[in-house]
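Protein chains in written order, with full-length UniProt numbering: chain A, 1 to 218; chain B, 1 to 218. Even for Gly, the Cβ is constructed at its ideal location relative to N, Cα and C. Predicted model, so just to flag it, every value in this text is computed and none were measured. Working notes, beginning with the structure itself.
2 protein chains.
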Amino acid sequence: MSVKKNTVSFSVIRRLPRYYRFLGDLLASGVGRISSKELAERMHLTASQIRQDLNCFGGFGQQGYGYNIHQLHREIGKIIGVDHDLQAILIGAGNLGQAIATHMHFEKRGFTLTGIFDCDAQKVGRQVAGLQVQHSDDLSAFCAQRHPTIAILCIPKTAAAQVAESLVELGITGFWNFSHYDLRVDHKNVVVENVHLGDSLLTLCYQATHNIHTPDFL
Amino acid sequence: MSVKKNTVSFSVIRRLPRYYRFLGDLLASGVGRISSKELAERMHLTASQIRQDLNCFGGFGQQGYGYNIHQLHREIGKIIGVDHDLQAILIGAGNLGQAIATHMHFEKRGFTLTGIFDCDAQKVGRQVAGLQVQHSDDLSAFCAQRHPTIAILCIPKTAAAQVAESLVELGITGFWNFSHYDLRVDHKNVVVENVHLGDSLLTLCYQATHNIHTPDFL
DNA sequence: TAGATTGTTAATCGATTAACAATC
DNA sequence: TAGATTGTTAATCGATTAACAATC
Numbered sequence: 001m002s003v004k005k006n007t008v009s010f011s012v013i014r015r016l017p018r019y020y021r022f023l024g025d026l027l028a029s030g031v032g033r034i035s036s037k038e039l040a041e042r043m044h045l046t047a048s049q050i051r052q053d054l055n056c057f058g059g060f061g062q063q064g065y066g067y068n069i070h071q072l073h074r075e076i077g078k079i080i081g082v083d084h085d086l087q088a089i090l091i092g093a094g095n096l097g098q099a100i101a102t103h104m105h106f107e108k109r110g111f112t113l114t115g116i117f118d119c120d121a122q123k124v125g126r127q128v129a130g131l132q133v134q135h136s137d138d139l140s141a142f143c144a145q146r147h148p149t150i151a152i153l154c155i156p157k158t159a160a161a162q163v164a165e166s167l168v169e170l171g172i173t174g175f176w177n178f179s180h181y182d183l184r185v186d187h188k189n190v191v192v193e194n195v196h197l198g199d200s201l202l203t204l205c206y207q208a209t210h211n212i213h214t215p216d217f218l
Numbered sequence: 001m002s003v004k005k006n007t008v009s010f011s012v013i014r015r016l017p018r019y020y021r022f023l024g025d026l027l028a029s030g031v032g033r034i035s036s037k038e039l040a041e042r043m044h045l046t047a048s049q050i051r052q053d054l055n056c057f058g059g060f061g062q063q064g065y066g067y068n069i070h071q072l073h074r075e076i077g078k079i080i081g082v083d084h085d086l087q088a089i090l091i092g093a094g095n096l097g098q099a100i101a102t103h104m105h106f107e108k109r110g111f112t113l114t115g116i117f118d119c120d121a122q123k124v125g126r127q128v129a130g131l132q133v134q135h136s137d138d139l140s141a142f143c144a145q146r147h148p149t150i151a152i153l154c155i156p157k158t159a160a161a162q163v164a165e166s167l168v169e170l171g172i173t174g175f176w177n178f179s180h181y182d183l184r185v186d187h188k189n190v191v192v193e194n195v196h197l198g199d200s201l202l203t204l205c206y207q208a209t210h211n212i213h214t215p216d217f218l
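The structure is reproduced here in structure tokens:
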């Protein structure tokens with residue numbers, strides 16, 4: 001167990017969830033240890049890269065043996081922060097919002113979904129993922145009482161900037177943004193993860209057009 | 001107008017949709033020309049990088065003037081292949097599938113959605129995005145007749161590999177995969193764009209935990 | 001012409017890969 | 001001990017940035 005050496009680059013950070021996922025799958029399939037070489041083959045990386053990546057955070061392996069999958073999975077989970085139980089709210093209960101609420105397994109990823117909001121009166125009151133959709137007008141009161149820190153935006157592009165702005169006022173410090181708008185919040189301490197599905201679709205278009213396979217990134 | 005010089009790297013390919021999107025927005029807002037400097041500020045890139053990127057494909061700019069937005073948008077669209085009209089089918093008409101079908105504006109991105117399939121008899125017959133959900137049993141006949149080339153997978157992780165395999169047999173050469181499974185098809189000529197929303201959520205978790213803002217990628 | 005801004009080369013920076021000594 | 005495989009340094013590779021001549 002050595003002290004961390006390399007700086008943690010954005011590339012490494014982007015790869016962490018992937019490591020976590022593969023290790024979780026291995027764990028589920030009952031494998032107990034793995035070498036960087038074997039993990040590299042599965043993940044389509046190089047063994048060198050894996051050892052470099054993991055060494056940003058400390059020596060999790062053992063010479064001559066490899067990595068203990070259970071331990072490594074747990075350590076990476078800690079680095080990502082899946083044990084922090086972030087309280088999240090969902091804004092926008094359309095099809096996408098419902099899909100996200102229903103299928104994302106928030107508990108397994110460090111989040112608890114505590115509220116769902118929509119400004120469409122027709123959707124208010126509906127049951128989604130075990131929660132009753134509330135009206136957006138009640139957001140302020142809800143935040144004052146429950147203090148969620150993460151907001152998931154499944155709203156139209158046009159509403160995104162303004163909604164985000166007011167959510168920051170209500171104490172939100174992290175956004176998972178599906179609105180097709182390049183969200184950028186200047187307040188210090190506020191982080192944003194933009195998901196641009198349209199860009200992903202265009203990347204597929206490029207790949208299909210040129211018959212070139214670009215490597216995964218997310 | 002010069003001959004292309006730089007090799008087109010994966011980084012550049014991943015940025016193309018972003019360029020296309022920003023240029024489209026500028027176009028919509030009525031701006032006619034832009035300099036690399038100004039575009040860089042908007043997109044949070046450097047002017048150098050933009051000029052390098054665009055020069056992979058040829059000289060679209062004019063010294064002393066900048067870039068004609070209309071022309072540049074059209075050229076990048078052509079490079080991406082948005083004019084190729086790829087025929088796509090959607091597999092899985094759950095909430096996510098419905099959201100994708102309804103909100104992705106396929107026409108604007110070079111695709112036509114021609115069929116929606118689900119193996120759940122309850123969903124068959126429903127109207128989604130102007131199409132009637134068909135039973136998966138009819139996929140084979142449909143493909144024989146309509147020859148779609150792209151499949152959008154909104155199905156569970158466990159089904160992904162097998163479904164993809166049989167779709168390749170039916171002539172599918174491109175996948176947009178939302179199944180949380182790392183799809184990888186070995187057949188030559190088949191391209192895959194995996195969308196791992198779970199990884200994106202974990203990246204948000206990391207950012208929130210460490211209060212570090214990783215740059216956009218998609 | 002003078003001013004602006006590109007296209008393009010060269011320099012820098014960072015990330016990946018290779019190699020190997022350390023060590024289990 | 002011998003074999004395996006890590007941790008870590010050095011070498012390579014690639015991508016970004018800086019600089020500037022070309023030119024509109």
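Mapping DSSP to helix, strand and coil, what is A:L113?
strand
Step through the CB atoms of chain B and report whether any lies within less than 9 Å of the CB of A:P148.
no
Counting contacts by CB-CB distance shorter than 9 Å, is A:H73 in contact with chain B?
no
Going by other Cβ atoms of all chains shown within 10 Å of its Cβ, with 16 needed for buried, is A:Y65 buried or exposed?
exposed
Are any of the Cβ atoms in chain A nearer than 9 Å to that of B:D118?
no
So for B:I212, helix, strand or coil by DSSP?
coil
Just to confirm the assignment: which complete alpha helix (DSSP H) runs, minimum length 4, are found wholly within the segment 77-147 of chain B?
95-103 and 139-146
Going by Cα to Cα distance, which pick from A:I79, A:G59 and A:L45 is closest to A:L16?
A:I79
Residues that A:D214 contacts on chain B, provided the C-beta gap is smaller than 9 Å
Rather than Asp, the amino acid found at residue 214 of chain A in this sequence is Thr. The answer, in chain order, is F10, I13, R14, V191 and E193.
Min CB distance B:C56 to chain A below 9 Å:
no
Would B:M1 pass as an interface residue toward chain A - the criterion being a Cβ-Cβ separation below 9 Å?
Any reading at B:M1 must be qualified, since the residue scores a pLDDT of 35, below 50, and its modelled position is unreliable; no value is offered.
Does A:V82 get closer than 9 Å to chain B when you measure Cβ to Cβ?
yes
Burial state of B:S2 (16 or more Cβ within 10 Å):
Only weak support exists for where B:S2 lies, its pLDDT of 36 falling under 50; the value from the coordinates is given anyway. B:S2 should be labelled exposed.
Which value, in whole angstroms, describes the spacing of the CA atoms of B:F142 and B:F117?
10 Å
For chain B, check one thing: does any of its Cβ atoms lie closer than 9 Å to the Cβ of A:S48?
no
Candidates A:K37, A:A47, A:L201 and A:C154: closest to B:F106 by CA position:
A:L201
A:N194, DSSP secondary structure in three states:
strand
Verify the CB distance criterion: does B:G174 have a CB-CB separation below 9 Å to chain A?
yes
Would you tell me roughly how many angstroms separate the C-alpha atoms of A:D83 and A:Y206, rounded to the nearest one?
38 Å
Among B:T214, B:E193 and B:N211, the one whose alpha carbon lies nearest that of A:P215:
B:E193
Buried versus exposed, by CB contacts within 10 Å (16 or more), A:R21:
buried
Quick one, which residues of the segment 196-212 of chain B are near chain A if we go by CB-CB under 9 Å, in chain order?
H196, L197, G198, D199, S200, L201, L202, T203, L204, C205, Y206, Q207, A208, T209, H210, N211 and I212
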